[in-house]
Each structure stands twice: as structure tokens, then as C-alpha cells.
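Structure, as C-alpha cells:
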Amino acid sequence: SCDEKQDDDLPLRLVDKPNPQEVGIFLRGNPGSRGERAPRQYLSFFAGEQTEPFKQGSGRRELAERIASRDNPLTARVFVNRVWGHLLGNGLVRTPSDFGLRSETPVHRDVLDHLAVDFMEGNWSIKRLIRRIVMSSAYRQSSVIRAEAVERDPENLLLWRAERRRLDFEAMRDSILTASDQLDRTVGGESVQIANESPSKRRTLYAFIDRQNLPGLFRTFDFASPDTHSPERPETVVPQQALYLMNNGFVHDAAQAVVGRVDDTDVRQRVNQLYRLVLARDAMIDELQLATSFIESGDNTSPDIPIGNPWQFGYGSFNAESEQLVSFHLLPHFVENTWQGGAQRPDPVLGWAMLNASGGHPGNDQQHISIRRWYAQADGSVTVRGRLEHPSENGDGVRARIVSSRDGLQGEWIAQHKTIETNTSTLAVKRGDTLDFLADCRDNPNHDSFQWRVTIRQSEGSEGTTTADWKSERDFQGPHAKPLGAWERLAQTLLLTNEFLFLD
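Take the position in the sequence shown, starting the count at 1, then add 511; the result is the number in this note's numbering.
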């Protein structure tokens, strides 16, 4: 690498050795079996017998000049074809990585040759090339289908109409951020995470690409595989795409931000503003009537969150004399699949109090006991089966209690460097009653991480037939997403329309 001092945020640069070595051929790919030395030069298959070894250092620059030479029109043709395909949907040559004998002869070969020559004469200017293509009649024509033309040229090889195309992943995400006025247009810098819980608002061009573990978000929207050659992106229509656009928090946040940009108080004017922000046009008469009816006929407040999961995760204190819970407060932060006191651990106030799917850690004292709360969904009888584990070989272990809001303490156990069962007898419950699963640090909060998996089974009848069960690990969840109101749902609907997601 280069010895020149440079800023840390700049990439490393390569320098040639003063006397580059001639590398020998590995016969049959075996580095232990050396053949003749291969001089650094242009491929003799293309240059013929007139090829000469490179003379300037390693020859990288000379090789680049030969590749991008007017004597090698293949480079310009391939590049022009890629740009044409990106802008119009299909390249003039339908096999962008194969210009050989196996590829089909392009219908508009003269257009390809003309643009390739013009590209080279224009000093290989990509901006100039794009300007020429987008100013052409082929690019600016309508995508309306004519029956007689489809009959004669169903594949549109003669370019008699524009291709209606879905936005690729980067354009779709950037368009959503632009409509919500959230797009960070900063140029340059390090790549950013866009598939985590707090995705960056920068252009998708700067998304971090992990070649070994590409996030599912990229694969869902047909992002090209980063470790294989991909001349074209596949286009699929799978349920995961619609589910993401309907349910993902990124789209919900964008819909709320779009509504936040609307400042008019009149319903019809607000609807038109939404249409202008998302679709860059006013709503048509029937669209305006439909949207206005939707807003005015329904409750404009956010719908209540349904009780689908009866668990809550918090902390509090316990009175050993009365065997009753004294206080319960929800843990305020959810970070990396863990409910905890703050953004960092330990929290200055709540200490190490935290709960995750399999267990957690108690707080630093008896005022900050970790509590996993279960709400009874119906009247009946329940039994509790659990297993408490204190895996550390250090510390004084943890104390676990099960407390019923109706009947008080139901069981108490201490696990110190071991695993124990935490089962109860049958308990009668009414809808709305709670069972609290407490874990405290005893006298010392050090080395008190624990695993406590609990199963609650509800039964009815003399035979005790199980009617429902709840498992603490399976049912563990993070915070509920904030429900969208009527205006936010209308904005999200516009973001999901084909008019927004397709280039027409």
C-alpha cells in the first residue's frame, strides 16, 4: 500500500513496485508446477501477434487504456446497453453480459452502434449519454398498449411503447423517504444500516451490504446477490413484499411523516395535499370523494391495541410480611430483544433489571425486582409449570416468587448454581387477574443472570381438559407498534399504489 500519510476516512491506495515481477503460469492450476512466465500485456487473443508487454509499471493503466480504447468498441457497446436497459427496462441486447455468438442479434443494432460511437466521442461522459437517451422519443413515449401493435410485436422489440416498470429497491425506498421529507441527501461517507430497528434515512445507495449475511429485506425486494455475477435483477412478486409495505414500521413512520407535512384544516384540501406530496398531482373527483368519505365516516382516532398477548414486563417491590406485591412499573426501554431500564446497561436508576424471552436479570436491590406479569384472559383454573436456572458458578443466586393478585404468594424458590422446578397447584382465576413472576437478587446483584421458562395452562371441567396455554419464551414480545389513524392509513395507501411504486 501507499506510504503517503492520509486521513483515516480515505481508502488505501496501491503503488507499483519499482521492479514488478513476471509471474509464471501454474500448469493445471497447480502452484507447485510452474510453466512459462507470462509477461504483463494485453490479451493476444484480441490484439493478435502485434501485442507487446506493458512498459509503465505494472501495466494497470495501459490495460485500462486498451479496454477503454476506440479500437475496442465492445466496452462502449456493453456500457451503453447497460445504461439503456437501466433507463428503459430492457437493453438493446437482451443478454447484457453476453455479446457473443450465442446472443441474439439486436433489432436496433444501428442505434447501439451510434450511441457507442457518440459515447466515445463525448469523452465517455455518462451524463451526456443519459441526457441523449432520456431526450429521445423512444424514452418519452407512452406505455399505453395498442392491440394491433401487441399482435405484431408482443415483446416490444421494435420499441413502439414504453415499458411499465416497478421501481427497484433503492428507488422505492428513496421515494418513500422523499415523499415524507425524511431523505438525508448527504453525499459521501461510510455505509449505513437500513435493516435494523432504527434504519438510517440516508439514500439507499449508502446501505451497508454484508456479503456473508445479506439481510432479508434486500432479498425480499430482488436485490442482486453481492457474491455472484448478476447482469440483471430478477423481478418477483411475492407476499413478503406486500407484507413489508403494509406492516413494517419504516413505512408506518413515513406515512405519519407525510401527514405531518399537511397543514390545511379543510378535509378536501388536506386530501389534495396528500396526493400532491405522494403522487405529485391533485386527487381526481372520484378519488377525492372516496378519500373524504373514508376520513369523515370513520373514527379518526387511533384504534385500540387488541389484547393478543397477555404478558407485560416490568419491575417493582414485594412485601414479604403480607406476601403481596407492593408496586409494579413497566420497563421503559426495549433494546436488542430485551426489556430494560435505559438505553445502556446498567441503568443509573433501575440498575441491571431486565427481562428477555428466556429469563433476565434482577435489579440491584429489593425495590427493583424483575417482574414478568401475566393477565388472565378468562375465568377458569390454571396450573403453572416452570424451570428456573442460575447458570453462574458465582454469586448468591436468585430468589423467585409467583404472586397471584387474588390469593397472594403461591410459591418461593432459590436457585444458586443449579436448576430447579417452579410448579404450583391449580389456581382459580377471574378474567383480569394477574400472576406475577418475581426474580430478585437476594443480598448481592452480581452474577445473577437467570433463565426462567414458564408455561401456564388453563383448564375447565371435572376432567381438567386444557383449553389454552401460554409460554413465557414463545409469547415474549417487544413494544406494540403505534396504530395508524385514518389520515396515516390514507397516506400509507397512497404509498402502496401502483402509481407510486411503478415507473410509467
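No residue lacks a Cβ here, since even glycine has one placed at the ideal position from N, Cα and C.
field: Cβ distance (whole Å) where G897 is taken to contact V789 below 8 angstroms
entry: Between V789 and G897 the Cβ distance is about 50 angstroms, and since that is not below 8 angstroms, they are no contact.
message: Suppose only complete runs of 4+ residues qualify. What are the alpha helix (DSSP H) ranges in the stretch 595 to 676, listed by chain order?
response: 620 to 632, 637 to 645, 648 to 651 and 658 to 663
Through-space distance from F961 to P817, alpha-carbon basis: Caution is warranted here: a pLDDT of 40 is assigned to P817, below 50, making its placement in the model unreliable, and the coordinate value is therefore given only provisionally. The straight-line gap from Cα to Cα measures roughly 31 angstroms.
- request: Starting from the Cα of G771, find the closest Cα among R676, V526 and G996 and give me that residue.
  value: G996
message: Tell me which residue opens and which closes the alpha helix (DSSP H) that W863 is part of.
response: Careful: W863 lies outside any alpha helix (DSSP H) and carries neither H nor E.
message: Quick check on Q693: does DSSP put it in helix, strand or coil?
response: coil
task: Tell me whether the beta-carbon of R722 lies closer than 8 angstroms to the beta-carbon of D733.
output: no
task: Starting from the Cα of V480, find the closest Cα among V749, S648 and D793 and give me that residue.
output: No answer is possible for residue 480: it lies beyond the span of the chain, which begins at 512 and ends at 1015.
query: Comparing alpha-carbon positions, which option in H958, I931 and H763 lies nearest P994?
result: H763
field: According to DSSP, residues forming a beta bridge with T945
entry: Y886
- request: State the Cα-Cα distance for the pair T812 and S702, rounded to the nearest angstrom.
  value: Its pLDDT being 47, under 50, T812 is placed unreliably in this model, and the value from its coordinates should be taken loosely. Roughly 39 angstroms separates the two Cα atoms.
Cβ-based burial, P859 [other Cβ within 10 Å; buried from 16]: exposed
task: Excluding the 5 residues preceding and the 5 following I705 in the sequence, name in chain order all residues of the same chain whose CB lies nearer than 6 angstroms to its CB.
output: S711 and A718
message: Comparing C-alpha positions only, which one of G570, G989, Y553 and R684 sits nearest to T562?
response: Y553
- request: Pull up the distance between the alpha-carbon of R581 and that of P607, whole angstroms please.
  value: 20 angstroms
task: Taking only the alpha-carbon atoms, compute the straight-line gap between R953 and D986 and give it to the nearest angstrom.
output: 28 angstroms
query: Are R884 and F845 touching if we call contact CB-CB under 8 angstroms?
result: no
- prompt: Beta-carbon separation of W981 and P821 under 8 angstroms?
  reply: yes
message: Just to confirm my understanding: we take P814, look at its own chain, exclude 5 residues before and 5 after, and list those with CB closer than 8 angstroms. What are they?
response: Here P814 scores only 42 on pLDDT, less than 50, and its place in the model is too uncertain to base an answer on.
task: With DSSP as the reference, please indicate the residues paired to E752 in a beta bridge.
output: The amino acid occupying residue 752 in the given sequence is Gln; Glu does not appear at that position. DSSP, once it has assigned bridges, lists no residue as partnering Q752.
Through-space distance from D624 to R714, alpha-carbon basis: 34 angstroms
query: So what does DSSP say about L688, is it helix, strand or coil?
result: helix
Alpha carbon of N934 to alpha carbon of G906, nearest angstrom: 24 angstroms
- prompt: Does the beta-carbon of V655 have 16 or more other beta-carbons within 10 angstroms, so that it is buried, or is it exposed?
  reply: exposed
query: Using the beta-carbon count (16 or more within 10 Å), is I880 buried or exposed?
result: buried
field: Test item: CB-CB of M646 and A587 under 8 angstroms
entry: no
- prompt: Going by alpha carbons, who is nearest to R676 out of L640, N724, D685 and N601?
  reply: N601
- request: Work out the CA separation of V895 and T937 for me, nearest whole Å.
  value: 8 angstroms
field: Cα-Cα separation, D951 to Q823
entry: 17 angstroms
query: Near V778, which residues of its chain fall below 7 angstroms by C-beta distance, leaving aside the five closest residues on each side in sequence?
result: T803, I806 and E807
- prompt: Hey, out of R551, R613 and G989, whose CA is closest to T849's CA?
  reply: G989
query: In this structure, does DSSP put T894 in helix, strand or coil?
result: strand
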